[in-house]
Amino acid sequence: MALNRERLMQVLDRAHSGPICEPFKWDTEVIPQTIAAALKKYDLVKTCDPDNPVNQDDDLADRFFQAGFDVAVEVGMLCLDTQRVIKFSREEIQHGLDAAPAEFTLGEGKQKVTFRHRGLEDPFPPVWVAPLSIAVTEDLFIPVVEGIVRESVVDCLEGPSLQTIWGSKLRAGSPYELLAGKLQADLNYEAIRRAGREGIGMYAVGTAPTHYGVLGGYGIPGGYKPERDIVLLLTPVEMKTSYEVLHKLCQTYNCGGITYGGSWSMIGGYAGGPEGAAVSCIACTLLLYTAYQASNGASFPYDMKYMGNCGRKAQWALGVVFQALSRNTHICANSVLNQTAGPATKMLLYESAVGMMNLAVSGATSCTGPRTAGGKFTNYITPLETRFAGEVFKACAGMSRAKANDIANRLLPLYEADLGKAPKGKSFPECYDVERLKPTEEWQRIYDEVKDEVIKAGIPLN
Amino acid sequence: MVQGDVLERLREAIVGDSSLEDVEEAARAVVESGIDINDAIHAATEAIRSVGDCFEAGDIYLPELMIAGRKMERCMSVLRPHIKAAGSSVQGGRIVIGTVSGDIHDIGKNLVATMMAVRGFDIMDLGVNVPPLKFVHAAKDAGADIIALSSLMTTSLPYQQEVIDVLKETGLRDRFYVIVGGGPVTPEFAESIGADGWAENAAAAARLCEMLMTSGEKPPLAKTVVP
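One line per chain: the protein sequences are G and U, in this order. First residue of the first sequence? That's 175 in our numbering, and the numbers climb one at a time after it. First residue of the second sequence? That's 1456 in our numbering, and the numbers climb one at a time after it.
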């Protein structure tokens, strides 16, 4: 579904004519005060229930949705380059949601995958997009991607990201990034060919934080294909946009492609606690589908204390956000799961089990991940944790939220005390045979043991 | 007004629901009262640290902390010119901070800048997407003691090294401590680019600056300091 020109121009025009607001005022007054008022209006203050990390209260989810809708209308999006606010009426936001597809496909041929709006506890299988844009060295890029797309549970490809380009340091916003956009496509194609997954849908461009990677790699000969792939528009927190993001939006329009709108809200950040972060995520999601005409995506919470979202409060907020979106829209919402532990650790798999299960029962259409070791370390991503997360995600489709909550309460005590001090684990070459793309015995054993544990806890991986 | 009242008014202006103008007025009252500036700065620092403690405990959130940080900056802008006149031995220093080129993430940088202000440092925040030369020029013009570089993306990391390279090439490396931080920045990376310090989080970054300013050692340091 091509982007609508009238809506695109409306966004650009408002970015240059809307009310002026300085970022400091936005961050310290507009966002926190509007969210606080909405929490009060809908009786949502201190509703976070860490003892029940998977929310089962539909009315609560609906009230969060209404609060998020109010905030989206009240606040709009701040364009950082013009310091003007792009405002939308309630009707325009509703139109944006109505116009978003309830179903769409990525990929081509045998690799075509259907994304479909999912209800709560929906048995329709969710889509697993892997991995996040974790940095890997050039020599390991193809093996990492090949290993990951060899995993049959992986439906679409996003990361990893390049750190260098033909040996030179890749610098964001520089001409190197323009080259990297195309190079990543080239390397992906080679890895996909080796894995026999030609035609798999891709998120463009994982490596590129600014628009240059998209301009260099998307919609050009030999690059990412508009008819098969989707463009990542990651918007700055909270509810901000920039020329960089808008450039990507315009390039997608020019190429006749579709967009993914993504963002996040930090618990403890501008939006406040878990309840404020949940409202902010919902508001931001509505704006992403309105301003960017997104086909996929959403804003998700994570916790500033440990820079992840697999702890109780973040899981509660995550579930509320996706349940609110599932019950009140028909969009194909996508989340990101931010694990904190590294490869070859049990903790990484426990985090994945709880987070993927929660998303599966809370109506997420798709999820992107894993963000192994918080995405902090070069080459700390392997295919095995990607397989595990995807297996859990799909196996939990159709599970009840009550059961998921019970399982989460069994698994969380196994790792939550370590969230602020998660083990780094081992890098890809340290826990994988890079030639044969097989995990070491140690990593395989850890996977097998945790798989048994989560099966006993109730996740139907058998 | 007696000394205790003047200082209490300053404390209350910083932690309470008061405006920047209220803070400035309270700080001016301190100066006019003739109170030792050391005592005033101590009172203000104690007040703002209590706000920082509340943030670390999760009792307040980032916006409240940032507003308190702004108030501290305004307070210090009034008190600072009188430090020399009073022959003060107050610690502190001037920090130029920003997110490096190609990176528009600001939440971590804002948090670090605020925690530094909370510790009584004079902050010049250059914002996001700041080119290497701009850091160097700003630090030189402001007479800064420390340059603090933030980065959330691996593809903006090279710019942290480029700031240090530019300082070396322009013969200014011994003028400023350079500290680095952000999501993908590890102590090993900091060491590899010759940074003087690295900190895991905002509170640690503020402590790091205090350590550097009281170390008595001139930059560049032989080994990266990790608090």
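Cβ atoms here follow ideal geometry from the backbone N, Cα and C, with glycine treated the same way.
{"Asked": "Below 7 Å between beta carbons: does that hold for P517 of chain G and T546 of chain G?", "Found": "yes"}
{"Asked": "Hey, could you find the ends of the alpha helix (DSSP H) F1631 of chain U is sitting in?", "Found": "That residue, F1631 of chain U, is in no alpha helix (DSSP H); it is neither H nor E in DSSP."}
{"Asked": "For D1629 of chain U, which residues in the same chain have their Cβ closer than 8 Å to its Cβ, ignoring the five residues on either side in sequence?", "Found": "K1673, P1674, P1675"}
{"Asked": "Answer with buried or exposed for A1512 of chain U, where buried requires no fewer than 16 other C-beta atoms within 10 angstroms of its C-beta.", "Found": "exposed"}
{"Asked": "Taking the beta strand (DSSP E) that R258 of chain G belongs to, which residues open and close that run?", "Found": "258-260"}
{"Asked": "Which whole runs of the alpha helix (DSSP H) in the stretch 312-396 of chain G are 4 residues long or more, in chain order?", "Found": "312-324, 349-369, 385-391"}
{"Asked": "Look at the Cβ atom of P227 of chain G, then the Cβ atom of A582 of chain G, and state whether they are nearer than 7 Å.", "Found": "yes"}
{"Asked": "Give the range of the beta strand (DSSP E) segment to which M183 of chain G is assigned.", "Found": "That residue, M183 of chain G, is in no beta strand (DSSP E); its alpha helix (DSSP H) goes 179-189."}
{"Asked": "Contact between the stretch 592-609 of chain G and the stretch 226-241 of chain G is defined here as three or more beta-carbon pairs at a separation below 8 Å; is this criterion met?", "Found": "no"}
{"Asked": "Output needed in chain order: residues of the stretch 195-217 of chain G with a Cβ under 8 Å from some Cβ in chain U.", "Found": "P197, F198, D201, T202, E203, I205, P206"}
{"Asked": "Taking the DSSP output, what are the residues bridged to S540 of chain G?", "Found": "G:V301, G:N508"}
{"Asked": "Roughly how many angstroms separate the alpha carbons of V1478 of chain U and V1470 of chain U, rounded to a whole number?", "Found": "10 Å"}
{"Asked": "At a threshold of 6 Å, does E1463 of chain U count as lining the ligand HEM (C-beta to nearest heavy atom)?", "Found": "Questions concerning the ligand HEM fall outside what the structure shown contains, since it holds no ligand whatsoever."}
{"Asked": "Given this structure, state the Cα-to-Cα distance separating V310 of chain G from G1507 of chain U, to the nearest angstrom.", "Found": "37 Å"}
{"Asked": "For a test of the three-state rule: what should DSSP assign to K1678 of chain U, helix, strand or coil?", "Found": "coil"}
{"Asked": "Report the residues of the stretch 1551-1565 of chain U with a CB closer than 8 Å to any CB of chain G, ordered along the chain.", "Found": "S1556, G1557, D1558, I1559, H1560, D1561, I1562, N1565"}
{"Asked": "Under 7 Å between the Cβ atoms of V301 of chain G and V287 of chain G?", "Found": "yes"}
{"Asked": "I need the straight-line Cα distance from Y386 of chain G to V1486 of chain U, nearest angstrom please.", "Found": "52 Å"}
{"Asked": "For the stretch 430-446 of chain G and the stretch 1511-1530 of chain U, state whether three or more C-beta atom pairs, one from each stretch, are separated by less than 8 Å.", "Found": "yes"}
{"Asked": "List the residues of chain U that Y444 of chain G touches, going by C-beta distances under 8 Å, in chain order.", "Found": "Y1516, L1517, P1518, I1562"}
{"Asked": "Pull up the CB-CB distance for N483 of chain G and Y476 of chain G, whole angstroms please, since I reckon it's below 8 Å.", "Found": "4 Å"}
{"Asked": "Determine the burial state of S437 of chain G: buried for a count of at least 16 other Cβ atoms within 10 Å of its Cβ, exposed for fewer.", "Found": "buried"}
{"Asked": "From the DSSP output, in three-state form, read off Y621 of chain G for me.", "Found": "helix"}
{"Asked": "Could you name the residues of the same chain whose beta carbon sits closer than 8 Å to that of S1544 of chain U, not counting the 5 residues immediately before and after it, in chain order?", "Found": "Below a pLDDT of 50, predicted positions are generally treated as unreliable, and S1544 of chain U, at 43, falls in that range; the measurement from the model is reported next regardless. Excluding sequence neighbours, S1544 of chain U sits near N1493."}
{"Asked": "Count the C-beta pairs between the stretch 492-503 of chain G and the stretch 544-560 of chain G that are closer than 8 Å, then say yes if the count reaches three, no if not.", "Found": "no"}
{"Asked": "With H, G and I counted as helix, E and B as strand and the rest as coil, what does DSSP make of L585 of chain G?", "Found": "helix"}
{"Asked": "Give the single residue among G:M481, G:G485, G:I432 whose Cα lies nearest to the Cα of Q467 of chain G.", "Found": "G:I432"}
{"Asked": "For D1472 of chain U and Q257 of chain G, I'd like the C-alpha separation in whole angstroms.", "Found": "27 Å"}
{"Asked": "Inspect the CB distances between the stretch 594-612 of chain G and the stretch 511-526 of chain G and report whether three or more fall short of 8 Å.", "Found": "yes"}
{"Asked": "For S1647 of chain U, which residues in chain G fall below 9 Å Cβ to Cβ?", "Found": "The premise fails here: S1647 of chain U is roughly 12 Å from chain G at the closest Cβ pair, so nothing lies under 9 Å."}
{"Asked": "Could you give the distance in angstroms between the alpha-carbon of P400 of chain G and the alpha-carbon of Y392 of chain G?", "Found": "7 Å"}
{"Asked": "Taking Cβ positions only, does A451 of chain G come closer than 7 Å to chain U?", "Found": "no"}
{"Asked": "What does DSSP give as the partner residue(s) for K550 of chain G in the beta ladder?", "Found": "None, per the DSSP bridge assignment."}
{"Asked": "So with CB distances below 7 Å, who are the chain U contacts of E312 of chain G?", "Found": "Those within 7 Å of E312 of chain G in chain U number zero; the least Cβ separation is about 13 Å."}
{"Asked": "Name, please, each residue of chain U whose Cβ falls closer than 7 Å to the Cβ of K343 of chain G.", "Found": "P1613"}
{"Asked": "Can you pull the chain U neighbours of T560 of chain G, defined as C-beta to C-beta under 9 Å?", "Found": "Under the 9 Å cutoff, chain U gives no residues; its nearest Cβ is about 19 Å from T560 of chain G."}
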